[in-house]
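Engineer: Have a look at the structure that comes next, please.
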Amino acid sequence: MNTVAGPRERLIRSAILMMREHGVAATGLTDLLAHSKTARGSIYLHFPGGKSELMEQATLHAGQQISAMIDALVTESSSPAEVVLGLVEVWKRVLETSSFTAGCPIVAAAQSGSDSPTVQAASATVFADWTRRLADYLISAGTDSAAAASISSVIVSTIEGAIIQCRSVKSLQPLDDAGANLVKLLEL
């Protein structure tokens, strides 16, 4: 069954795509409306707080999508190393298919600065969720609970940093390096 996305969903989808490529500040309302094929009044109808509320909701929505991907990798993988390598492969595909223009929307939200505190706070919520999910998995795989939180934070930070570097140098090498070294960390 084909369902047509309504204006709210189109705006969120467009916001995610545009913030991945341009960042939050450089994503303008006019461009969002054109990209989403949505009438101007739809923004304030669905997001009374305007662009800030839209970007906050887009950040949370993108975070949920990536959380679902993490959960799928955890379910399908036989080890923490496989989960990490799965995350690396997903991001490599994103970067390759976008010719290195699409980064992580959560990083874009984190960099939104003091002009968008609710967007930045949404990014913190998402990063904390990913770290918790990975820590829970590490604990279930036998990692000490005190170490699991720190290791999962390192995993998120390392992969996110590698994505940024990949975009900058237009090479997948930083993600390959991150994956290889995270696997070594997990084997200690």
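Residue numbers (this note's numbering): 9 to 196.
The beta-carbon is built from N, C-alpha and C at its ideal position, and this holds for glycine as well.
Of the residues Gly14, Ala89, Ile171, which one's Cα is nearest the Cα of Leu103?
Structural biologist: For the purposes of this step, residue 103 is taken as the residue at position 95 of the sequence shown. Ranking Gly14, Ala89, Ile171 by Cα distance to Leu103 puts Ile171 first.
Engineer: Which whole runs of the alpha helix (DSSP H) in the stretch 102 to 179 are 4 residues long or more, in chain order?
Structural biologist: The qualifying runs are 113 to 118, 125 to 148, 153 to 177.
Engineer: Assign Gln181 to one of two classes, buried (16 or more other C-beta atoms within 10 Å of its C-beta) or exposed (fewer than that).
Structural biologist: For the purposes of this step, residue 181 is taken as residue 173 along the sequence shown, with counting starting at 1. Flag for Gln181 reads exposed.
Engineer: Leaving out the 5 sequence neighbours to the left and right, which residues in its chain are closer than 7 Å to Gln173 when beta-carbon positions are compared?
Structural biologist: Counting from one through the sequence shown, the residue named residue 173 turns up at place 165. So the qualifying residues of the chain are Pro182.
Engineer: Using a threshold of 9 Å, state whether the C-beta atoms of Ser70 and Val134 are closer than that.
Structural biologist: The residue you call residue 70 lines up with position 62 of the sequence shown. The residue you call residue 134 lines up with position 126 of the sequence shown. With the sequence shown as reference, residue 70 is identified as Ala, and Ser is not the correct amino acid for it. Yes. Within cutoff.
Engineer: Inspect the beta-carbon positions of Thr35 and Arg18 and report whether they are closer than 9 Å.
Structural biologist: By one-based count along the sequence shown, residue 35 stands at place 27. By one-based count along the sequence shown, residue 18 stands at place 10. No.
Engineer: To the nearest angstrom, how far is it from the Cα of Glu61 to the Cα of Leu196?
Structural biologist: For the purposes of this step, residue 61 is taken as residue 53 along the sequence shown, with counting starting at 1. For the purposes of this step, residue 196 is taken as residue 188 along the sequence shown, with counting starting at 1. Each residue's alpha carbon lies about 43 Å from the other.
Engineer: From Ala13 to Thr67, what distance separates their C-alpha atoms?
Structural biologist: In the sequence shown, the residue the question calls residue 13 occupies position 5. In the sequence shown, the residue the question calls residue 67 occupies position 59. About 18 Å.
Engineer: Are the CB atoms of Met63 and Val115 within a distance shorter than 9 Å?
Structural biologist: As a position in the sequence shown, residue 115 is number 107, starting the count at 1. As a position in the sequence shown, residue 63 is number 55, starting the count at 1. No, Cβ-Cβ distance for Val115 and Met63 is not below 9 Å.
Engineer: Is it the case that the Cβ atoms of Val191 and Leu93 are separated by a distance below 9 Å?
Structural biologist: To locate residue 191, count along the sequence shown from 1; it is residue 183. To locate residue 93, count along the sequence shown from 1; it is residue 85. For Val191 and Leu93, yes; Cβs fall inside 9 Å.
Engineer: What is the DSSP secondary structure of Ala89, counted as helix, strand or coil?
Structural biologist: Within the sequence shown, residue 89 is the residue found at index 81, counting from 1. Reduced to three states, the DSSP call for Ala89 is helix.
Engineer: Tell me whether Arg101 is buried or exposed, calling it buried when 16 or more other Cβ atoms sit within 10 Å of its Cβ.
Structural biologist: The sequence position of residue 101 within the sequence shown is 93, counting from 1. Answer is exposed; the Cβ neighbour count stays below 16.
Engineer: Quick check on DSSP: helix, strand or coil for Ala34?
Structural biologist: Start at 1 with the first residue of the sequence shown, and residue 34 comes out as number 26. Here Ala34 sits in coil by DSSP.
Engineer: Buried or exposed, going by whether 16 or more other CB atoms sit within 10 Å of the CB of Glu97?
Structural biologist: Taking the first residue of the sequence shown as position 1, residue 97 is located at position 89. Under this definition Glu97 is an exposed residue.
Engineer: Determine whether the beta carbon atoms of Ala186 and Pro88 lie at a separation below 9 Å.
Structural biologist: Within the sequence shown, residue 186 is the residue found at index 178, counting from 1. Within the sequence shown, residue 88 is the residue found at index 80, counting from 1. Not closer than 9 Å, so no.
Engineer: Expressed to the nearest angstrom, what Euclidean distance is found between the alpha-carbon atoms of Asp39 and Leu25?
Structural biologist: Position 31 of the sequence shown, counted from the start, is the residue given in the question as residue 39. Position 17 of the sequence shown, counted from the start, is the residue given in the question as residue 25. Those two C-alpha atoms are separated by around 12 Å.
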